[in-house]
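The block underneath contains the structure these notes are about, expressed in structure tokens.
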Amino acid sequence: MKIWVSVLFLSIIFCCNAHSQDIPEDTGKPVHVLQFELLGHGGLYSLNFERITTRPAVLRMGISYLNTDGFWAVKGFTFPMSVTDLLATDKDSFAELGAFMTLSTMDQKFDVWVGPTFGFREQNIERGDGMVRFFFSPGYSIRYNKFFITGGLSFGKGL
Numbered sequence: 002m003k004i005w006v007s008v009l010f011l012s013i014i015f016c017c018n019a020h021s022q023d024i025p026e027d028t029g030k031p032v033h034v035l036q037f038e039l040l041g042h043g044g045l046y047s048l049n050f051e052r053i054t055t056r057p058a059v060l061r062m063g064i065s066y067l068n069t070d071g072f073w074a075v076k077g078f079t080f081p082m083s084v085t086d087l088l089a090t091d092k093d094s095f096a097e098l099g100a101f102m103t104l105s106t107m108d109q110k111f112d113v114w115v116g117p118t119f120g121f122r123e124q125n126i127e128r129g130d131g132m133v134r135f136f137f138s139p140g141y142s143i144r145y146n147k148f149f150i151t152g153g154l155s156f157g158k159g160l
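Per the numbering used here, the very first residue in the sequence shown carries number 2; after that it's consecutive.
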């Protein structure tokens, strides 16, 4: 499992091109971003795809798989999804405000996590450059009827 996660992480890092083509700023096309998220809505990690619309709003969905042994023995998938609105603070910086929902199948028990999300993003969305974002999300587990707090850090590249 450790080797598989390492290979996945390294392939994400090295698959990005060293030189990107300039995109005209008036295309009006939505920007797509592939991102790797640590400690976020998907749990320990997740691989996410997002689409930035012309509003600008962000539609995000992802997947995560965890299979561990020992004291923290868990096995299963999570499917994080979120919708956030980007509020510009300057040309390449945005505050994010939105909501998330994560479907979880950890230990063969279905659960749904929901809540608001608040964050900050650094990215030129007109060109689809690299992206860094961090966020904070209080959440609620429907199966366990409990509140929790999560937050994370994402790194991504425009497609």
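All C-beta atoms in this analysis are idealised placements derived from N, C-alpha and C, irrespective of residue type, glycine included.
Just so we're clear, the structure is a prediction, and the values are computed from it rather than from any experiment.
For Ile126, count neighbouring Cβ atoms within 10 angstroms of its own Cβ and tell me buried if that reaches 16, exposed if not. buried
According to DSSP, simplified to helix, strand and coil, what is Thr109? In the sequence on display, residue 109 carries Gln and not Thr. Helix, per DSSP.
Terminal residues of the continuous beta strand (DSSP E) containing Ile64? 58 to 68
Run through DSSP, which three-state label would Arg52 get? strand
In the DSSP assignment, what residue or residues form a beta bridge with Trp114? Thr103, Ser142
Quick one: measure Cβ to Cβ for Leu67 and Phe50, integer angstroms, because I've assumed they're closer than 8 Å. Going by Cβ atoms, the distance from Leu67 to Phe50 rounds to 19 Å, so no, they are not a contact pair.
Chain-order list of residues whose beta-carbon lies under 7 Å from that of Val75 (same chain, five-residue window excluded): Leu67, Thr69, Met107, Asp108
How far does the beta strand (DSSP E) with Lys147 in it reach, from first residue to last? 147 to 159
Can you grab the Cα-Cα spacing for the pair Phe121 / Arg134, in whole Å? 6 Å
Counting beta carbon pairs with one atom in the stretch 39 to 59 and one in the stretch 90 to 107, are three or more of them shorter than 8 Å? yes
Would you kindly work out how many angstroms separate the C-alpha atoms of Phe72 and Ser47, rounded to a whole number? 22 Å
So that I know if they touch, is there some Cβ in chain C lying closer than 7 Å to that of Val32? Among the chains of the structure shown, chain C does not appear; only one protein chain is present.
Closest by C-alpha distance to Ser105, when choosing among Ser65, Gly153, Arg128, Glu123: Ser65
Thinking just about the alpha-carbon of each residue, which of Asn146, Gly131, Leu87, Phe136 is nearest to the one in Phe156? Gly131
Among residues of its own chain, excluding the 5 on either side of Arg39, which ones have a beta-carbon nearer than 8 Å to its beta-carbon? Checking the sequence shown, residue 39 turns out to be Leu, not Arg. Only Leu45, Tyr46, Gly153, Leu154, Ser155 meet the Cβ criterion.
Assign Val113 to one of two classes, buried (16 or more other C-beta atoms within 10 Å of its C-beta) or exposed (fewer than that). exposed
So, is Thr151 buried or exposed, given that buried needs 16 or more other C-beta atoms within 10 angstroms? buried
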